[in-house]
Amino acid sequence: MTRNQKIALGCGGGGCLGLILLFIFIGVLSTFGFLSLPWSSTNRNYNFNVNDNRNSNFNSNYNSNLNRNSNSNSDSDSSSSSSSSSMSSDAKHRLYQAAGMTRDQALILRVYNKIGLDSGNSTDHEQFVKEHFTWAMNNLEFIQSVNSPETARAYVEEHIDD
(Lines of atoms letter the chains of each structure in order from A and count residues from 1; the text may use other names and numbers.)
(Lines give C-alpha, C1' and ligand atoms only; values in the text may rest on other atoms or scores of the structure.)
Protein backbone atom coordinates (compact mmCIF):
# COMPACT_ATOMS: atom_id res chain seq x y z
CA MET A 1 0.00 0.00 0.00
CA THR A 2 1.44 3.33 -1.02
CA ARG A 3 1.64 6.39 1.15
CA ASN A 4 -1.11 8.15 -0.86
CA GLN A 5 -3.42 5.17 -0.46
CA LYS A 6 -2.86 5.20 3.31
CA ILE A 7 -3.64 8.93 3.44
CA ALA A 8 -6.80 8.45 1.37
CA LEU A 9 -7.91 5.57 3.59
CA GLY A 10 -7.30 7.64 6.75
CA CYS A 11 -9.17 10.66 5.38
CA GLY A 12 -12.10 8.50 4.29
CA GLY A 13 -12.32 6.83 7.70
CA GLY A 14 -12.05 10.19 9.47
CA GLY A 15 -14.77 11.65 7.27
CA CYS A 16 -17.12 8.75 7.99
CA LEU A 17 -16.46 9.04 11.71
CA GLY A 18 -17.13 12.78 11.53
CA LEU A 19 -20.45 12.23 9.75
CA ILE A 20 -21.49 9.62 12.32
CA LEU A 21 -20.70 12.02 15.17
CA LEU A 22 -22.59 14.82 13.38
CA PHE A 23 -25.71 12.64 13.05
CA ILE A 24 -25.51 11.65 16.72
CA PHE A 25 -25.18 15.33 17.72
CA ILE A 26 -28.18 16.31 15.58
CA GLY A 27 -30.18 13.43 17.09
CA VAL A 28 -29.41 14.57 20.63
CA LEU A 29 -30.34 18.18 19.83
CA SER A 30 -33.65 17.13 18.29
CA THR A 31 -34.43 14.76 21.18
CA PHE A 32 -34.11 17.52 23.74
CA GLY A 33 -36.08 20.00 21.62
CA PHE A 34 -33.23 22.34 20.67
CA LEU A 35 -33.51 21.49 16.97
CA SER A 36 -36.60 20.84 14.87
CA LEU A 37 -36.16 18.38 12.04
CA PRO A 38 -38.05 18.98 8.75
CA TRP A 39 -40.00 15.72 8.99
CA SER A 40 -40.91 16.35 12.62
CA SER A 41 -44.61 16.89 13.32
CA THR A 42 -44.04 19.64 15.86
CA ASN A 43 -44.70 23.23 14.91
CA ARG A 44 -42.95 25.86 16.99
CA ASN A 45 -43.23 29.60 16.50
CA TYR A 46 -40.96 31.56 18.78
CA ASN A 47 -40.05 35.21 18.59
CA PHE A 48 -37.38 36.53 20.93
CA ASN A 49 -36.15 40.12 20.93
CA VAL A 50 -33.23 40.92 23.18
CA ASN A 51 -31.66 44.35 23.54
CA ASP A 52 -28.42 44.61 25.49
CA ASN A 53 -27.06 48.08 26.11
CA ARG A 54 -23.75 48.53 27.92
CA ASN A 55 -21.57 51.57 28.43
CA SER A 56 -17.90 51.98 29.29
CA ASN A 57 -18.30 52.35 33.06
CA PHE A 58 -19.66 48.79 33.29
CA ASN A 59 -23.20 49.82 34.21
CA SER A 60 -25.52 47.72 32.14
CA ASN A 61 -29.11 47.95 31.17
CA TYR A 62 -30.66 44.72 30.03
CA ASN A 63 -33.95 44.86 28.22
CA SER A 64 -35.58 41.66 27.10
CA ASN A 65 -38.81 41.45 25.18
CA LEU A 66 -40.33 38.01 24.92
CA ASN A 67 -43.20 37.85 22.47
CA ARG A 68 -45.34 34.77 22.83
CA ASN A 69 -47.90 34.08 20.13
CA SER A 70 -50.49 31.38 20.54
CA ASN A 71 -53.15 30.61 17.95
CA SER A 72 -54.86 27.98 20.04
CA ASN A 73 -58.62 27.95 20.34
CA SER A 74 -58.72 26.12 23.65
CA ASP A 75 -60.55 27.77 26.50
CA SER A 76 -58.47 27.84 29.64
CA ASP A 77 -60.38 28.29 32.84
CA SER A 78 -58.52 30.99 34.73
CA SER A 79 -60.72 30.44 37.77
CA SER A 80 -59.24 26.96 38.20
CA SER A 81 -55.80 28.33 38.96
CA SER A 82 -55.11 28.93 42.59
CA SER A 83 -52.61 31.27 44.14
CA SER A 84 -49.03 30.45 43.21
CA SER A 85 -47.89 31.24 46.72
CA SER A 86 -49.36 27.95 47.95
CA MET A 87 -47.03 26.00 45.66
CA SER A 88 -43.52 25.05 46.67
CA SER A 89 -40.62 26.30 44.58
CA ASP A 90 -39.89 22.73 43.50
CA ALA A 91 -43.49 22.21 42.33
CA LYS A 92 -43.36 25.46 40.30
CA HIS A 93 -40.13 24.42 38.59
CA ARG A 94 -41.48 20.94 37.85
CA LEU A 95 -44.60 22.40 36.21
CA TYR A 96 -42.53 24.97 34.30
CA GLN A 97 -40.15 22.27 33.00
CA ALA A 98 -42.91 19.85 32.03
CA ALA A 99 -44.98 22.56 30.32
CA GLY A 100 -41.99 23.62 28.25
CA MET A 101 -41.42 20.03 27.15
CA THR A 102 -45.00 19.79 25.80
CA ARG A 103 -44.35 22.59 23.28
CA ASP A 104 -48.03 23.55 23.63
CA GLN A 105 -48.24 27.35 23.88
CA ALA A 106 -51.71 27.37 25.42
CA LEU A 107 -50.65 24.92 28.13
CA ILE A 108 -47.43 26.85 28.76
CA LEU A 109 -49.41 30.08 29.24
CA ARG A 110 -51.78 28.25 31.59
CA VAL A 111 -48.80 27.08 33.68
CA TYR A 112 -47.32 30.60 33.67
CA ASN A 113 -50.63 31.82 35.08
CA LYS A 114 -50.64 29.06 37.70
CA ILE A 115 -47.11 29.75 38.96
CA GLY A 116 -47.47 33.53 38.87
CA LEU A 117 -45.39 34.44 35.82
CA ASP A 118 -48.29 36.08 33.98
CA SER A 119 -48.09 39.34 35.90
CA GLY A 120 -46.26 41.05 33.06
CA ASN A 121 -43.24 41.75 35.22
CA SER A 122 -40.28 40.61 33.14
CA THR A 123 -37.95 40.96 36.14
CA ASP A 124 -39.84 38.24 38.01
CA HIS A 125 -39.76 36.01 34.94
CA GLU A 126 -36.03 36.58 34.39
CA GLN A 127 -35.32 35.78 38.05
CA PHE A 128 -37.40 32.60 37.85
CA VAL A 129 -35.56 31.47 34.70
CA LYS A 130 -32.19 32.06 36.40
CA GLU A 131 -33.34 29.98 39.36
CA HIS A 132 -34.69 27.35 36.98
CA PHE A 133 -31.25 26.74 35.47
CA THR A 134 -29.87 25.92 38.92
CA TRP A 135 -32.92 23.81 39.71
CA ALA A 136 -32.57 21.91 36.43
CA MET A 137 -28.94 21.02 37.11
CA ASN A 138 -30.03 19.42 40.41
CA ASN A 139 -33.11 17.66 39.01
CA LEU A 140 -31.93 15.89 35.87
CA GLU A 141 -33.75 12.71 36.88
CA PHE A 142 -37.10 14.52 36.84
CA ILE A 143 -36.28 16.15 33.49
CA GLN A 144 -35.55 12.71 32.02
CA SER A 145 -38.90 11.45 33.36
CA VAL A 146 -40.79 14.08 31.29
CA ASN A 147 -38.56 14.02 28.22
CA SER A 148 -41.35 13.50 25.69
CA PRO A 149 -44.29 15.83 24.97
CA GLU A 150 -46.73 13.06 25.94
CA THR A 151 -45.22 12.31 29.37
CA ALA A 152 -44.73 16.02 30.04
CA ARG A 153 -48.39 16.76 29.20
CA ALA A 154 -49.53 13.93 31.47
CA TYR A 155 -47.47 15.38 34.33
CA VAL A 156 -48.83 18.90 33.81
CA GLU A 157 -52.45 17.73 33.58
CA GLU A 158 -52.02 15.66 36.75
CA HIS A 159 -50.38 18.44 38.80
CA ILE A 160 -51.69 21.76 37.50
CA ASP A 161 -54.60 21.81 39.94
CA ASP A 162 -52.49 20.89 43.00
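Numbered continuously in my numbering, the sequence shown closes out at residue 1656.
For each residue, glycine too, the CB sits at the ideal point set by N, CA and C.
Closest Cα partner of A1630 within the set A1600, L1589 and C1505: The residue you call residue 1630 lines up with position 136 of the sequence shown. Looking at the Cα atoms, L1589 is the closest of the given residues.
7 Å CB neighbourhood of Y1606 in its chain, flanking five on each side removed: As a working mapping, residue 1606 is identified with position 112 in the sequence shown. The residues are D1612.
Collapsed DSSP secondary structure at V1522 in the structure displayed: Mapped onto the sequence shown, residue 1522 falls at position 28. Helix.
Nearest-angstrom Cα separation, counted from E1620 out to A1592: Translated into positions along the sequence shown, residue 1592 becomes position 98. Translated into positions along the sequence shown, residue 1620 becomes position 126. Approximately 18 Å, taken between the alpha carbons.
Interface flag, Q1599 vs chain C, CB-CB below 8 Å: Note that chain C does not occur in the displayed structure, where there is just one protein chain.
Simplified DSSP state of G1512, which is helix, strand or coil: Working through the sequence shown from its first residue, we reach residue 1512 at position 18. In the structure shown, G1512 sits in a helix (DSSP, three-state: H, G or I).
R1647 - containing alpha helix (DSSP H), residue span: Working through the sequence shown from its first residue, we reach residue 1647 at position 153. Going by DSSP, R1647 is part of the alpha helix (DSSP H) stretching over P1643 to H1653.
Distance between I1518 and G1507 (C-alpha atoms, nearest Å): If you number the sequence shown from 1, residue 1507 lands on position 13. If you number the sequence shown from 1, residue 1518 lands on position 24. Using only the alpha carbons, I get a separation of about 17 Å.
Own chain, CB closer than 6 Å to K1586, minus 5 neighbours either side, in chain order: On the sequence shown, position 92 is the one that residue 1586 refers to. Counting only Cβ-Cβ distances below 6 Å, and skipping sequence neighbours, we find I1609.
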